[in-house]
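Visitor: Structure incoming, see below.
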Amino acid sequence: MRRWGIRKKVLVVTLVPTLITTLMLGLFFTYSWVTNIESLLKDRGESLSRQLAAGSEYGLFTANRSLLSSLSNALLEEQDVRSITFFDSDRRRLLHTGPGSSDNLDSKQLASEQASRIPRNASTRFVTPVFLQDLMIQSMLETDPRQPDLQQREPLGWVAVEMSHIRTEKETYKALLISLLLVLAGVVFSLLIALRLSRAFTGPVFELNEAVAKLKEGKLDTRIHTGAGPEFEQLESGLNAMAEELSKAQAEMQQNIDQATEDLRETLETIEIQNIELDLARKEALEASRIKSEFLANMSHEIRTPLNGIIGFTELLLKSPLPRQQRDHLSTIRKSSEILLTIINDILDFSKIEAGKLILDRVPFQLRDIVEEVMVMLAPAAHSKNLDLVPLVYSDVPDNIMGDPLRVKQVLTNLVNNAIKFTQTGEVVLRVSLEDEDKETNRVTLRLSITDSGVGLSRAQQQSLFNAFSQADASTARQYGGTGLGLAISKRLVEEMGGQIGLQSELGKGSTFWFTLTPELSSSGEAVAPRDALKGERVIYLEHQKTCGLAVEHLLRDWGVTVDRVASPGAMQEQIEEAQKSQSGYAAAIIGITRHLFNSSQYCGLVRTLEIERDCRTLLLTPTLDVHDMPLSGLASGHLTKPVCRDALYDELLLLVHGINTSGQGIRHPEQRPLLPTAGNIPRVLAVDDNEANLKLVMTLLQDYHIDAEGASSGFEALSKARQKSFDLVFMDLQMPGMDGVETTARLRELDSNNRRTAIIALTAHALADEQERLSRQGFDGYLPKPISSGQLAETILECTGYRCISAGHPDRIPVPEIRDTRRALRPSTRKMQRDCVSVKESIQLAAGKTDLAEELFSMLLEQLPTDLIAIDRFWRADDTDSLLDCVHKLHGAARYCGVPELRTAANRLETALKCSAPDTELQKDQLISAIERLQIWSEETDWQQMFREHHQRAESG
13 MRRWGIRKKV LVVTLVPTLI TTLMLGLFFT YSWVTNIESL LKDRGESLSR
63 QLAAGSEYGL FTANRSLLSS LSNALLEEQD VRSITFFDSD RRRLLHTGPG
113 SSDNLDSKQL ASEQASRIPR NASTRFVTPV FLQDLMIQSM LETDPRQPDL
163 QQREPLGWVA VEMSHIRTEK ETYKALLISL LLVLAGVVFS LLIALRLSRA
213 FTGPVFELNE AVAKLKEGKL DTRIHTGAGP EFEQLESGLN AMAEELSKAQ
263 AEMQQNIDQA TEDLRETLET IEIQNIELDL ARKEALEASR IKSEFLANMS
313 HEIRTPLNGI IGFTELLLKS PLPRQQRDHL STIRKSSEIL LTIINDILDF
363 SKIEAGKLIL DRVPFQLRDI VEEVMVMLAP AAHSKNLDLV PLVYSDVPDN
413 IMGDPLRVKQ VLTNLVNNAI KFTQTGEVVL RVSLEDEDKE TNRVTLRLSI
463 TDSGVGLSRA QQQSLFNAFS QADASTARQY GGTGLGLAIS KRLVEEMGGQ
513 IGLQSELGKG STFWFTLTPE LSSSGEAVAP RDALKGERVI YLEHQKTCGL
563 AVEHLLRDWG VTVDRVASPG AMQEQIEEAQ KSQSGYAAAI IGITRHLFNS
613 SQYCGLVRTL EIERDCRTLL LTPTLDVHDM PLSGLASGHL TKPVCRDALY
663 DELLLLVHGI NTSGQGIRHP EQRPLLPTAG NIPRVLAVDD NEANLKLVMT
713 LLQDYHIDAE GASSGFEALS KARQKSFDLV FMDLQMPGMD GVETTARLRE
763 LDSNNRRTAI IALTAHALAD EQERLSRQGF DGYLPKPISS GQLAETILEC
813 TGYRCISAGH PDRIPVPEIR DTRRALRPST RKMQRDCVSV KESIQLAAGK
863 TDLAEELFSM LLEQLPTDLI AIDRFWRADD TDSLLDCVHK LHGAARYCGV
913 PELRTAANRL ETALKCSAPD TELQKDQLIS AIERLQIWSE ETDWQQMFRE
963 HHQRAESG
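Just so we're aligned, residue 13 is where the sequence shown starts under our numbering, counting upward by one.
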């Protein structure tokens with residue numbers, strides 16, 4: 013109905029009530045009329061049947077058919093009477109008058125003693141029983157009045173009067189027709205009234221709509237006058253007023269348009285002039301940007317050139333023997349130069365990003381290696397402030413990914429370095445977690461967060477922190493240095509790599525810097541061998557730094573190692589003793605200490621007790637400080653610096669638990685001194701640089717490596733020397749007066765033959781150019797950025813010529829892995845409870861209370877042990893059982909006069925096994941060797957002479 017028009021709604025509102033009312037009244041009157049007709053027919057039939065029954069009493073009693081016939085003929089004259097039928101008392105038809113059926117009525121229809129009505133299709137029969145009246149019976153019959161009343165009340169017969177329905181049906185049809193005509197007349201009358209009303213209402217509306225349509229078409233001179241009533245008069249006046257106002261507004265708008273068109277024409281002319289000026293300004297800006305880039309490149313070259321000399325010659329001086337004070341001064345110069353170089357690199361990186369010349373690599377790399385490199389590199393700075401630096405890489409984080417490892421490392425270094433710089437106490441934690449994984453695209457979303465317990469940041473500082481040249485503390489009295497570019501560069505790098513960066517911080521409660529990476533998983537990564545050699549081993553761990561302990565425990569549990577944490581040295585010693593008593597000792601004990609515990613006597617005693625008395629291997633975890641003179645480092649079997657790296661920790665535990673040295677291939681024995689290269693395979697190198705300091709540095713480094721090197725200060729000199737003799741390698745500076753490095757390289761390439769090509773390496777600090785690709789197109793074989801380090805120079809020479817550089821100042825030193833202190837052989841920890849290694853009291857008792865004799869006997873035993881150890885090994889390898897038995901017997905005898913319970917028991921068991929040819933002889937032999945080694949270690953680590961003297965003094969004083 014919402015979409016109906018006004019006319020339809022008026023018609024519905026007018027016709028529906030009228031039609032419903034008319035139909036209801038017509039139905040009511042028709043029903044009443046028909047009902048009255050049927051009632052009249054019924055009443056009339058019943059009345060006639062009663063009258064006939066009363067009149068035919070005598071005729072039925074006497075069976076006088078003529079009398080009955082006269083009665084029926086007289087009654088047939090009545091309207092609607094169709095036929096009359098008389099039945100006797102036996103229910104047989106006595107007389108029938110009139111048309112219709114002559115069938116007898118059945119006994120059920122005549123059984124009633126009351127009048128009944130029998131309807132049919134075209135007529136209705138009214139059946140009435142006929143009874144004798146009492147007076148008539150007494151007068152006409154001489155009957156015994158004492159006869160039963162039932163016999164007297166039996167009907168004489170029945171009278172059936174059939175009334176026709178023809179006239180009744182005619183009246184009914186007549187009533188229906190009249191009602192229908194009346195209803196139709198009412199509907200038509202209502203329709204006429206509704207049409208008249210709707211036309212009177214909708215006509216003005218249509219006129220108004222037509223006027224509005226004309227106004228819509230822009231015919232604002234349209235006016236309307238319907239004369240339909242006061243309501244429409246108000247609407248008409250409103251529309252007419254609106255049309256008049258629109259007409260005025262249109263005229264005013266047209267005037268404004270004309271004025272605006274004129275103004276626009278003038279503006280376009282001005283804009284055209286401005287566009288010309290902007291085009292000129294754009295060209296000037298591009299030229300200024302080009303000049304700025306060239307200026308930055310030139311400044312980079314000019315600043316790096318003296319820095320190259322400063323850093324290079326500082327490293328050369330540090331390699332020479334110097335007084336400590338001068339070495340400290342040189343270290344300060346080198347650190348200051350490196351800080352200056354870092355600032356220059358930040359500015360140049362920012363310039364690269366702003367110029368849109370930053371190119372990201374896409375190579376496979378291992379994320380955990382990058383994290384460990386950053387943490388190890390920044391650990392000294394954190395530990396110097398007594399901060400705990402911890403990496404937490406969760407186990408579900410994939411390791412092999414695609415991306416730019418150098419840029420990821422740069423962002424991590426910047427954020428971790430900032431956290432260390434702004435944190436005075438507490439910890440700095442780097443967490444790497446997996447946020448999402450899309451198997452369809454083979455990509456993952458990684459979240460890397462750096463949390464510190466530093467000074468925190470206010471809301472105002474957080475809003476501007478990622479802006480270039482913005483710092484949290486920009487006052488003149490600021491405590492922290494820096495250019496303010498680190499976070500801006502990190503933000504741009506992360507966005508270039510498809511990630512996001514942000515922070516959560518509260519002033520005074522530390523900060524959390526985070527960024528996300530969405531790298532693609534790398535399928536070309538090297539297969540990592542499973543680390544399951546430590547699976548099932550038990551390790552006890554003491555750590556004061558909670559987060560560091562969590563990280564180490566996380567690594568150990570990933571390798572299948574059961575870790576039991578303890579809170580104090582006493583608890584560790586007690587728990588190890590209890591475990592050995594139950595014959596299930598620990599494979600190793602890990603002890604993490606902080607800076608102030610380096611010289612702790614409690615920890616020294618703990619390590620000495622575990623190593624010597626409990627025979628349990630210990631691994632120290634210390635900050636990355638100068639700990640070479642730390643007493644603990646000489647007592648423990650293993651030593652690692654924090655933060656702990658996966659490979660180093662696994663290899664160290666593998667050595668302590670199983671005695672497997674995975675880095676043995678890198679250990680050089682003293683007799684294996686490297687030979688200096690012969691003169692036949694020493695390459696000829698030409699160094700070209702216009703800066704005297706840089707040229708002198710390169711020449712000094714080359715001469716230090718025993719290389720036949722020549723220098724040239726210009727491209728012309730280099731070309732002249734190359735024509736006189738051939739060189740295997742040329743280090744070429746790019747920016748030189750006269751003939752630059754590119755042109756010189758092109759001239760040198762003309763001297764190459766088909767069988768020989770000289771390797772040319774570019775030396776430059778031009779940091780804004782696309783170095784690698786451009787230099788490769790210009791004929792260079794490589795690129796070496798300034799400042800040049802001796803390590804980079806040696807690697808480049810090795811790669812281009814195959815010559816391994818050896819320093820002249822240290823001819824016996826070559827780059828080798830860190831060599832473990834091998835003062836003694838490492839053996840796995842003792843897992844079972846064992847007897848004491850040495851008992852001074854028992855030694856004195858065995859020497860009849862003579863301390864001097866006991867000390868002398870013990871000294872003789874110690875002098876005998878190295879010889880016996882070699883003899884036992886030799887006899888066992890030679891399978892000389894008799895000689896071995898004699899040697900063990902002598903050792904057993906010597907041990908019986910000294911307080912060495914463990915050695916005495918082991919010698920006794922091996923002697924017994926040799927005599928009985930027991931199957932566990934080898935095991936007993938190994939236990940004896942372990943007892944000998946443990947006794948030797950005890951004697952080296954303990955001032956046993958003082959112990960004998962102190963015991964003697966106590967005995968005398970007591």
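Idealized CB from N, CA, C, for every residue including glycine.
Out of curiosity, what's the CA-to-CA distance linking Asp102 and Ser59?
Guide: Straight-line measurement puts the Cα of Ser59 at about 25 Å from the Cα of Asp102.
Visitor: By the three-class DSSP mapping on this structure, what secondary structure does Glu439 have?
Guide: If DSSP states are grouped into helix, strand and coil, Glu439 belongs with the strands.
Visitor: Quick check on this structure: which residue in Ala394, Glu385, Asn430 has the alpha carbon closest to the alpha carbon of Leu417?
Guide: The displayed chain sequence assigns Pro, not Leu, to residue 417. Nearest C-alpha to Pro417: Glu385.
Visitor: Whole-angstrom Cβ separation of Glu69 and Leu168, contact assumed at under 8 Å?
Guide: 7 Å
Visitor: Kindly list the residues whose CB is nearer than 6 Å to the CB of Ser855, restricted to its own chain and excluding five residues on each side of it in sequence; keep chain order.
Guide: Answer for Ser855: Ala866, Phe870, Cys910, Gly911, listed in chain order.
Visitor: Which value, in whole angstroms, describes the spacing of the CA atoms of Gln684 and Ile356?
Guide: Residue confidence for Gln684 is low, a pLDDT of 38 falling below 50, so the modelled location carries little weight and cannot support an answer.
Visitor: Going by C-alpha distance, which of Gln436, Gly511, Glu452 is nearest Arg459?
Guide: Gly511
Visitor: Looking only at its chain, what residues have a beta carbon closer than 6 Å to the beta carbon of Gly676, apart from the 5 residues adjacent to it on each side?
Guide: At Gly676, the pLDDT of 45 sits below 50, so the modelled position is not reliable and the matter cannot be decided from this model.
Visitor: Would you mind stating whether Phe98 and Leu88 have Cβ atoms separated by less than 8 Å?
Guide: Contact flag unset, no.
Visitor: In terms of alpha-carbon separation, which member of Glu248, Thr136, Ser78 lies closest to Asp55?
Guide: Thr136
Visitor: State the DSSP-derived secondary structure class of Met748, mapped to helix, strand or coil.
Guide: Met748: coil per DSSP, three-state reduction.
Visitor: State buried or exposed for Leu399, treating a residue as buried only when at least 16 other CB atoms are found within 10 Å of its CB.
Guide: buried
Visitor: Of the residues Ile96, Pro111, His177, Gly110, which one's Cα is nearest the Cα of Pro131?
Guide: His177
Visitor: When DSSP labels each residue in this structure, what does Ile236 get in the three-state scheme?
Guide: Reduced to three states, the DSSP call for Ile236 is coil.
Visitor: With Leu505 and Gln595 assumed to form a contact (beta carbons below 8 Å), what rounded beta-carbon distance in angstroms separates them?
Guide: Distance from Leu505 to Gln595 at the Cβ level is roughly 57 Å; contact not present, criterion being Cβ atoms closer than 8 Å.
Visitor: Skipping 5 residues on each side, what residues in its chain have a beta carbon closer than 8 Å to that of Val22?
Guide: Ala206, Leu209, Ser210, Phe213, Thr214
Visitor: Would you report the Cα separation of Arg302 and Leu308, rounded to the nearest angstrom?
Guide: 10 Å
Visitor: Output needed for Gln958: all residues of its chain with C-beta closer than 7 Å, excluding positions within five of it in sequence on either side, in chain order.
Guide: Answer for Gln958: no residue qualifies.
Visitor: Measure the C-alpha to C-alpha separation of Asp702 and Asp720 and round it to an integer number of angstroms.
Guide: 20 Å
Visitor: For Ile359, which option in Leu707, Phe527, Gln948, Ser502 has the closest C-alpha, if you only look at C-alpha atoms?
Guide: Ser502
Visitor: Just reading off the beta strand (DSSP E) that Glu174 is part of, what are its end residues?
Guide: 169–176
Visitor: Taking only the alpha-carbon atoms, compute the straight-line gap between Val25 and Leu37 and give it to the nearest angstrom.
Guide: Each residue's alpha carbon lies about 19 Å from the other.
Visitor: Looking at Leu666 and Ala648, is the spacing between their C-beta atoms short of 8 Å?
Guide: no
Visitor: Could you give the residue range of the alpha helix (DSSP H) that holds Thr712?
Guide: 704–716
Visitor: With distances taken between CB atoms, is the gap from Leu731 to Thr756 smaller than 8 Å?
Guide: For the 8 Å CB-CB criterion, Leu731 and Thr756 form a contact.
Visitor: Which residue marks the beginning of the beta strand (DSSP E) containing Pro581, and which one marks its end?
Guide: Unbroken run through Pro581 is the alpha helix (DSSP H), 581–593; no beta strand (DSSP E).
Visitor: For the candidate residues Leu193, Arg816, Ala261, Glu962, whose alpha-carbon lies nearest to that of Leu232?
Guide: Ala261
Visitor: Can you tell me the Cα-Cα spacing of Leu247 and Pro29, whole angstroms?
Guide: 30 Å
Visitor: Going by DSSP, what residue range makes up the beta strand (DSSP E) through Thr770?
Guide: First-last for Thr770: undefined, no H or E at that position.
Visitor: Span of the beta strand (DSSP E) holding Arg696?
Guide: 696–700
Visitor: State the Cα-Cα distance for the pair His964 and Ile941, rounded to the nearest angstrom.
Guide: 31 Å
Visitor: Whole angstroms is fine: what's the gap from Ser191's alpha carbon to Asn48's?
Guide: As the crow flies, the alpha-carbon of Ser191 is around 15 Å from that of Asn48.
Visitor: Mind checking Lys798: buried by the 16 CB within 10 Å criterion, or exposed?
Guide: buried
Visitor: Using only alpha-carbon positions, find the residue among Thr879, Ser929, Glu934 that is nearest to Trp888.
Guide: Answer by Cα proximity: Glu934.
Visitor: Whole angstroms is fine: what's the gap from Ser407's alpha carbon to Ala545's?
Guide: Each residue's Cα considered, the two are about 18 Å apart.
Visitor: Considering only their Cβ atoms, is the gap separating Thr813 from Asp740 smaller than 8 Å?
Guide: yes
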